[in-house]
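So the sequence shown is numbered by the numbering used here: it starts at 1084 and just counts up by one. The block underneath contains the structure these notes are about, expressed in structure tokens.
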Amino acid sequence: MTGRIIIHAGFAKCGSASIRTALFQNFRKLQKHNVFIFDKDLRIARTAAGLIGTPIWCLEEARKHSENLTRRLSAAIAPLLKRMGHHLAILSAENLANPGMADLFAGLDTQCDVSVIFYLRPQLQWIPSAWKQWGLKTGASLSDFVAQCVDTRTPAFKRDIERWKSTLPAANIHVRFLIPELLAGGNPAHDFFNLLGLSEKEYEFESEARNPSLDVSVLHVLSKNPHLFSDVHDNSLTLALTRALSKKFRSTNIQMLSAEQEARIEECFREENRWLLNTYCSDADVDGVYCMHFMPSKADARYSDMTESELIYRCLGIILESIASSGGQSDRGKNKIRSVIPFQSKKSSDTLR
1084 MTGRIIIHAG FAKCGSASIR TALFQNFRKL QKHNVFIFDK DLRIARTAAG
1134 LIGTPIWCLE EARKHSENLT RRLSAAIAPL LKRMGHHLAI LSAENLANPG
1184 MADLFAGLDT QCDVSVIFYL RPQLQWIPSA WKQWGLKTGA SLSDFVAQCV
1234 DTRTPAFKRD IERWKSTLPA ANIHVRFLIP ELLAGGNPAH DFFNLLGLSE
1284 KEYEFESEAR NPSLDVSVLH VLSKNPHLFS DVHDNSLTLA LTRALSKKFR
1334 STNIQMLSAE QEARIEECFR EENRWLLNTY CSDADVDGVY CMHFMPSKAD
1384 ARYSDMTESE LIYRCLGIIL ESIASSGGQS DRGKNKIRSV IPFQSKKSSD
1434 TLR
């Protein structure tokens, strides 16, 4: 009898939402194929509803108390071994790549077959995405956020992967880049199922991104109003805006980084990225991939080139158009759109005078 544990260890902002959505959508079919998923309490989920919520907070609590989770996970899969023998159990949480998380599973690789899977994206993409998710809610400008990431060498992909390798030396480590030509099916959900040895044709996958970006002007105005967020994990406003704004204002943005910022980021992470590509993508054209996805690129328009007035007026136009297009909605629907219009800070208001 054999059992495998798959630990999908993130990283944050690297396709975790699309992978978890695919696991949720295909829950019943996965069960039939002896593939099971740990729920938010680190128990084997019995229904798809059990996957609502992620193990993030349970893992954070365990890390806070330096709890070893090896026995807990082994106990959770023990009934599966008795009942059916061969099976696969998946633990997916984007914070598993954080410092200290690997220690929670020390010894697990001596008790069962363990694979640890990481998805990461080039820092030129990750840093603006992280600013949208967390930085702007603190009132930090993108420029300041970039400087902070460069100074602290964040994200620390290599460091965190190496920590897992040293803690679980017998585990199989898979590092996948969110670069379409390096992913099976061109996206993380397809690629993840492929890594598990599951035929992609048998499962359903979403065609649209799970975390569409708001227009650059809306993001700019939100960054000027951090008081609209209770903390960096408060997504209520951005989710409401995502629902309220038309699809054309939730598509790919103009280039967020300036040419100077791109050059600083590339230089800062060059050695690490070369090592990661040579170590985990040796069968690919490493030089070609690096030049295409890790080097500064040309852009017709950049966020850094737009003036404060241009950004404010563009955001205002988007909001007005969204209100106008909601004419067929109920009063409740209209009020919902109006309620998410970000109030300008004094500094932003002064710009319009």
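Don't be surprised by glycine CBs; every beta carbon is placed ideally from N, CA and C.
Cβ-based neighbour list, residue i, same chain, cut-off 6 Å, excluding 5 preceding and 5 following
i	result
Leu1179	Ala1092, Gly1093
Leu1225	Trp1214
Cys1232	Ile1210
Thr1362	none
Leu1328	Ser1405
Met1339	Pro1211, Tyr1386
Ile1088	Ala1172, Cys1195, Val1197
Lys1248	Ile1256
Asn1336	Ser1296, Val1299
Ile1160	Gly1086, Ala1172
His1303	Leu1394
Leu1163	His1170
Ile1139	Ala1176, Asn1178
DSSP three-state assignment for residue i, whether helix, strand or coil
i	result
Glu1372	As written in the sequence, residue 1372 is Val, which differs from the Glu given in the question. Here Val1372 sits in helix by DSSP.
Gly1093	coil
Ala1172	strand
Ser1413	With a pLDDT of 47 at Ser1413, under the threshold of 50, the modelled position of this residue cannot be trusted; read the value that follows with caution. Correct three-state label for Ser1413: coil.
Ile1337	coil
Gly1269	helix
Arg1259	strand
Ser1101	helix
Trp1140	helix
Arg1242	helix
Phe1377	coil
Arg1385	strand
Phe1355	Note on identity: in this sequence residue 1355 is Glu, with Phe being the wrong assignment. Of the three classes helix, strand and coil, the one that applies to Glu1355 here is helix, per DSSP.
Pro1162	helix
Ile1348	helix
Ser1319	helix
Gly1133	helix
Ala1180	helix
Asn1361	helix
Leu1328	coil
Ala1145	helix
Thr1237	coil
Thr1250	helix
Asp1366	coil
Leu1152	coil
Gly1400	helix
Ala1189	coil
Close beta carbons around residue i, own chain, < 8 Å, minus the five adjacent residues each side
i	result
Thr1321	Leu1297, Leu1305
Leu1106	Leu1113, Ile1120, Leu1134, Ile1173, Ser1175
Ala1189	Asn1151, Thr1153, Thr1250, Leu1251
Arg1246	Pro1182, Ala1185
Gly1136	Asp1122, Lys1123
Ser1413	Note on Ser1413: pLDDT 47, under 50, position unreliable in the model; no value is reported.
Ile1102	His1091, Ser1175, Tyr1202, Pro1271, Ala1272, Phe1275
Ile1348	Gln1206, Leu1207, Ile1210, Val1229, Cys1232, Val1233, Leu1340
Member of the options whose CA lies at the smallest distance from the CA of residue i
i	options	result
Val1197	Arg1333, Leu1106, His1257	His1257
Asp1437	Ala1095, Val1369, Leu1191	The structure shown does not extend to residue 1437, since the chain spans only 1084 to 1436, so no value can be given for it.
Pro1238	Ala1407, Ser1099, Cys1351	Cys1351
Gln1208	Arg1154, Gly1098, His1148	Gly1098
Leu1152	Leu1125, Ala1132, Gly1136	Leu1125
Gln1216	Ala1132, Asp1317, Thr1137	Asp1317
Pro1379	Ile1401, Ala1346, Ser1365, Ala1367	Ala1346
Lys1241	Lys1284, Gln1206, Ser1313	Gln1206
Asp1192	Lys1220, Leu1156, Tyr1373	Leu1156
Arg1204	Lys1123, Trp1358, Phe1377, Ala1342	Phe1377
Ala1132	Gln1108, Gly1371, Phe1312	Gln1108
Ala1223	Asp1388, Arg1111, Val1315	Val1315
Lys1331	Pro1309, Val1301, Leu1311	Val1301
Phe1201	Leu1219, Thr1221, His1310, Glu1177	Glu1177
Lys1307	His1148, Ile1401, Gly1218, Val1199	Gly1218
Ala1158	Met1389, Val1199, Ile1127, Cys1141	Ile1127
Thr1130	Phe1110, Lys1115, Glu1143, Ser1149	Phe1110
Same chain only: Cβ atoms within 7 Å of residue i, ignoring 5 sequence neighbours per side
i	result
Arg1146	Gly1183, Met1184, Leu1187
Asn1117	Met1167, His1169, His1170, Leu1171
Ala1367	Leu1265
Val1369	Leu1360, Asn1361
Ser1408	Ser1329
Arg1436	Low confidence applies to Arg1436: its pLDDT is 30, below 50, so where it sits in the model is not reliable enough to give any reading.
Bridge partner(s) assigned by DSSP for residue i
i	result
Gly1086	His1170
Ile1127	Phe1121
Ser1196	For the record, residue 1196 in the displayed sequence is Asp; it is not Ser. Paired residue(s): Arg1087.
Residue i beta carbon near the ligand FAD (any heavy atom closer than 7 Å)
i	result
Arg1087	Among the ligands in the structure shown, none appear at all, so the ligand FAD cannot be discussed.
8 Å Cβ cutoff, residue i in contact with chain C
i	result
Tyr1286	Reference to chain C is not applicable here, since this structure consists of a single protein chain.
Complete beta strand (DSSP E) runs within the segment 1198 to 1228 (minimum length 3 residues, chain order): none
In chain order, what are the residue ranges of uninterrupted alpha helix (DSSP H) at least 4 long that sit wholly in the segment 1276 to 1317? 1299 to 1306
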